[in-house]
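Residue numbers (our numbering): 6 to 609.
We put the beta carbon where it would ideally sit given N, CA and C, even for glycine.
The following block contains the structure:
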């Protein structure tokens with residue numbers, strides 16, 4: 006619609022690549038690994054805390070052998086190349102200053118104040134000695150020391166509540182309401198010629214005003230805002246919009262279907278940031294819900310200065326009215342099926358924690374956050390801290406990223422970073438269509454009097470052996486097809502497409518498996534594997550000796566599904582290893598095709 010002026014002089018650049026190339030210098034390779042270990046960001050060292058590479062790829066598109074790091078390119082280069090110590094030290098000292106400020110604000114007793122500062126300074130000197138620590142990780146550790154030793158669980162809890170309440174009173178005031186509602190003929194260069202265009206323009210105008218309020222930090226940091234009159238709000242509304250994302254974002258959230266005239270419904274992951282600001286954000290979110298969108302609000306897991314936490318969202322009265330009816334998801338490891346069920350429910354606003362106690366760090370976010378990130382249509386980030394994580398890096402992501410923050414010359418800056426062009430996304434609608442296509446094939450086969458056989462076997466349960474697993478399955482199933490007449494045998498490996506992960510596959514196959522059209526469900530036995538290698542004219546390799554479907558996490562889940570299907574369709578036959586032998590497998594590592602525990606104990 007071209008409602009906002011663009012700022013083409015400041016395009017968003019993905020930044021430099023190849024800051025570090027593996028295997029060029031052994032010493033640098035060691036320093037690179039040490040960087041991740043010392044920052045507690047190495048998955049191999051901290052598998053219970055750091056996200057799997059597969060989970061990270063739900064969010065970040067990485068090139069082959071490229072390793073994602075949660076900081077700006079400038080910071081990473083400074084640490085890895087050890088060529089900009091002043092820049093790193095400046096950031097370190099800023100962290101120390103912020104933590105000391107917390108101590109001074111919260112601790113009045115002189116002895117305790119000095120003790121905490123001394124303790125924090127000792128830890129600071131230790132952590133910064135080698136200049137390998139990320140400032141954000143340093144900040145988390147020092148703040149945690151203060152919290153643990155002061156017994157103040159959230160140092161800014163009262164201030165956050167005050168900010169939220171003050172902002173709530175202001176934006177609910179009659180002066181603000183009147184200013185939001187007022188309209189002058191001078192606003193329109195061309196009067197819309199249809200009612201639908203008038204509505205669209207009204208949406209643009211009201212959202213534009215709300216977005217200007219979202220960066221007006223005087224609402225939550227200055228006492229004078231309590232006395233703002235209608236004229237003051239109208240002046241705030243005059244803020245200009247800069248950045249490369251304003252038109253695109255507003256077109257996305259106000260766009261209507263050209264055929265039906267209905268709003269195009271989007272799933273938006275909204276990363277909440279500062280207290281006070283969050284009240285305005287949630288006001289905007291409720292407006293977006295009226296336009297037909299679903300919003301996933303993301304809060305901090307725990308205290309980080311004046312950032313808004315999941316606890317704040319649930320307990321602060323300032324949010325109670327606007328989040329009434331919102332669905333709070335406390336499960337940090339939400340499965341794909343449950344996630345899709347929630348998205349498809351009547352819940353228009355969902356609230357989750359990002360799982361972390363620091364600014365955006367995609368290596369440490371929860372499984373629930375990663376899965377919602379993957380399922381969203383685009384991401385809205387807020388403020389400078391979040392902008393640095395997404396925009397001051399060459400990495401591109403699996404979703405389009407927007408950032409809303411205060412810009413230069415009192416403007417609203419909306420930046421846009423497109424997702425990587427090679428990202429392949431399988432929405433649950435895509436997977437359901439694929440499942441329906443397979444079900445139609447099964448149905449047609451049964452109409453012809455054929456027996457439908459579903460074959461479950463090892464695909465990814467032995468890390469690094471997926472190609473061989475698919476070959477074993479395909480060779481054996483072809484052998485069955487040659488031996489059996491009038492059978493339709495489903496080979497799951499034939500339906501795999503590039504970009505699919507275990508989440509996608511299990512979701513698609515469960516739809517097929519519960520269709521009631523399977524006559525025989527065959528689970529891969531060790532004898533099947535031996536016969537496949539005999540057909541290939543090879544001996545069974547050691548990693549395949551003794552293996553069968555019971556070794557597979559996926560097959561274990563499928564055996565549970567088979568049992569449920571059998572209760573509804575007792576005529577179905579199950580062939581393969583005994584059911585009780587399947588209970589040794591536990592759960593996928595997120596995005597993996599093998600059991601989480603195998604990745605911990607095996608080195609492939």
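- Annotation for residue 280: no beta strand (DSSP E) segment contains it, and DSSP assigns it neither H nor E.
- Put simply, the region 513-524 touches the region 442-452. At least three CB pairs are less than 8 Å apart.
- By a beta-carbon distance limit of 8 Å, residue 397 does not contact residue 424. Their separation comes to about 17 Å.
- About 6 Å separates the beta carbons of residue 518 and residue 570, which is inside the 8 Å limit, making them a contact pair.
- In terms of CA proximity to residue 349, 298 leads the group 470, 357, 416 and 298.
- When the Cα atoms are used, residue 78 and residue 389 turn out to be separated by approximately 16 Å.
- Of the candidates 400, 399, 366 and 380, the residue whose Cα lies closest to the Cα of residue 391 is 366.
- Beta bridge pairing from DSSP links residue 412 with 416.
- Of all alpha-carbon atoms in 415, 246, 522 and 565, the one lying nearest the alpha-carbon of residue 587 is that of 565.
- Counting other Cβ atoms within 10 Å of its Cβ, residue 278 reaches 16 or more and is therefore classed as buried.
- Between the region 107-116 and the region 127-144, the count of Cβ pairs shorter than 8 Å is below three; the stretches do not touch.
- The alpha carbon of residue 387 has as its nearest neighbour, out of 449, 347, 305 and 333, the alpha carbon of 305.
- Going by C-alpha positions, residue 422 is about 12 Å away from residue 251.
- Considering only 537, 549, 547 and 553, the residue with the shortest C-alpha distance to residue 528 is 553.
- About 15 Å separates the CB atoms of residue 433 and residue 301; that is not less than 8 Å, and the two are not in contact.
- For residue 521, same chain residues with a beta-carbon under 6 Å away, outside a window of 5 residues either side, are 574 in chain order.
- Secondary structure of residue 438 (DSSP, three-state): helix.
- The beta carbon of residue 158 sits closer than 8 Å to those of 152 and 308, all from its chain and outside the five residues before and after it, given in chain order.
- Residue 304 has 358 as its beta-bridge partners, per DSSP.
- Annotation note: the region 170-226 contains the following uninterrupted alpha helix (DSSP H) runs of length 4 or greater, listed N- to C-terminal: 179-186, 200-219 and 223-226.
- When DSSP states are grouped into helix, strand and coil, residue 233 belongs to the coil group.
- Within its own chain, the residues whose Cβ lies closer than 7 Å to the Cβ of residue 90, once the five positions on either side in sequence are excluded, are 136, listed in chain order.
- Sequence-distant Cβ neighbours of residue 242 in its own chain, meaning closer than 6 Å and more than five residues away, are 214 and 217.
- At least 7 Å separates the beta-carbon of residue 230 from that of residue 239.
- Taking a C-beta distance under 7 Å as the contact criterion, residue 280 and residue 165 qualify as a contact pair.
- Boundaries of the alpha helix (DSSP H) harbouring residue 92: 90-111, taken from the DSSP string.
- Counting only residues of its own chain and dropping the five nearest sequence neighbours on each side, residue 118 has a CB closer than 8 Å to the CB of 108, 109 and 112.
- In its chain, beyond the 5 residues on either side, 38, 41 and 55 have a beta carbon closer than 8 Å to the beta carbon of residue 47.
- Annotation: the continuous alpha helix (DSSP H) that includes residue 123 extends over 115-133.
- Here residue 546 is exposed: its Cβ has fewer than 16 other Cβ atoms, across all protein chains shown, within 10 Å.
- Of the residues assessed, residue 283 falls on the buried side of the cut-off, its CB having 16 or more other CB atoms within 10 angstroms.
- Following the DSSP letters along the chain, one finds residue 483 inside the alpha helix (DSSP H) bounded by residues 471-488.
- Classified as buried, residue 248 has 16 or more neighbouring CB atoms from the shown chains inside 10 Å of its CB.
- Its chain contains 332 as the residues whose beta carbon lies nearer than 6 Å to that of residue 352, once the 5 sequence neighbours on both sides are disregarded; these appear in chain order.
- Between residue 377 and residue 274, the C-beta gap is smaller than 7 Å, which places the two residues in contact.
- Take the alpha-carbon of residue 202 and the one of residue 176: they are about 27 Å apart.
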